[in-house]
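Notes follow once the structure below has been shown.
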Amino acid sequence: METSCLLHKYLQQQVLHIELQELLRSSNGCLEACGNDLLYDLALQRNGYAAGQTVLAAVQLHMSVEGLSVRAEVAEAALSKTIAKRHLLETNLPKSWKTEASKALLPDLDQQLSQRIEWLSDLLEFKGHKDELPDHIKQLDADVKQAEEVVQALQHAIDTSAAQLVDGLRSCLDLLIFLLHDFKLDQHLGHARARGSYLRSHCQTLIAKVALFEQRLLADSYTSSSVPALDTLAQELTGAIEEAERNSQQATARLEAYHMLGPDMSWLAAAHHELDAELHHAEFTLREFQRVTHEDE
Numbered sequence: 012m013e014t015s016c017l018l019h020k021y022l023q024q025q026v027l028h029i030e031l032q033e034l035l036r037s038s039n040g041c042l043e044a045c046g047n048d049l050l051y052d053l054a055l056q057r058n059g060y061a062a063g064q065t066v067l068a069a070v071q072l073h074m075s076v077e078g079l080s081v082r083a084e085v086a087e088a089a090l091s092k093t094i095a096k097r098h099l100l101e102t103n104l105p106k107s108w109k110t111e112a113s114k115a116l117l118p119d120l121d122q123q124l125s126q127r128i129e130w131l132s133d134l135l136e137f138k139g140h141k142d143e144l145p146d147h148i149k150q151l152d153a154d155v156k157q158a159e160e161v162v163q164a165l166q167h168a169i170d171t172s173a174a175q176l177v178d179g180l181r182s183c184l185d186l187l188i189f190l191l192h193d194f195k196l197d198q199h200l201g202h203a204r205a206r207g208s209y210l211r212s213h214c215q216t217l218i219a220k221v222a223l224f225e226q227r228l229l230a231d232s233y234t235s236s237s238v239p240a241l242d243t244l245a246q247e248l249t250g251a252i253e254e255a256e257r258n259s260q261q262a263t264a265r266l267e268a269y270h271m272l273g274p275d276m277s278w279l280a281a282a283h284h285e286l287d288a289e290l291h292h293a294e295f296t297l298r299e300f301q302r303v304t305h306e307d308e
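Using the working numbering, read the sequence shown as starting at 12 and increasing by one per residue.
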């Protein structure tokens, strides 16, 4: 709660500083524009201030702004400088300003300056003497610095806690990912085991069905009427297999003998085939000739 109040006061002080800077700029414009009291009054009116203000107010306000803008260690010195410059200005006014009208404005300026000091005291909630105002501002500046240090320390603690929390959350996330991966592997392993059990049961069922079909086939195949025919068929198949094996052995022997004859065997076989074909043609011609001759007789 105290930190919030200090921050609020600090913001109010900054707003006051901005307002005083605006007033200083307006007063400086008046100083540059005026050449005598009449022109100075007109310049003040153009800048939105009453004609009762003079250069002394501008200088005093300037020093007040300096007293607010500087650090706490020079606040009291700035106030002393303000009083000294005011005294110097009162005793060394330019000739163009040393008139009865200008001197008559000094009490009014003092009153306005007092009002400004009271207004600043009310703004800062200061209840002491006006001479103690610089010390109060210095204390406020120290409080603001302390509040800033507290805020920075709190921010650092928050950042540290946030970093630790983020690290903890990352560790939890890594652990959660690991557990989730392990859980998925366990699920896959359970599904694989269940599927393996199902496949084993299904295979056993199929084996039992095949065995049943085999028994039915044997029962339907081997009857009193089909056994003799099956025996005869088995004997014929056995004989055919044996004959095929003998023919295969003979063909193998002939092929080996053919390979042993050498490369000229192909030419000799072709020549033998041609001679055999001519011989068959001659025999066919002779038989036809004999048949025709026999029919003529």
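All C-beta atoms, glycine included, are put in the ideal place defined by N, C-alpha and C.
Counting along the chain, Y269 sits inside the alpha helix (DSSP H) bounded by residues S237 to M271. Cα atoms of A203 and E254: separation of roughly 54 Å, rounded to the nearest angstrom. Annotated three-state conformation of T234 is coil, per DSSP. Look at D275 here: in three-state DSSP terms it is coil, with no helix or strand label.
Going by C-alpha positions, P239 is about 9 Å away from Y233. Here the C-alpha atom of L186 lies approximately 36 Å from the C-alpha atom of L210. For V162 and D146, the gap between their C-alpha atoms comes out near 24 Å. As the crow flies, the alpha-carbon of S172 is around 50 Å from that of Q126.
Note on geometry: alpha-carbon atoms of M276 and A282 lie some 10 Å from one another.
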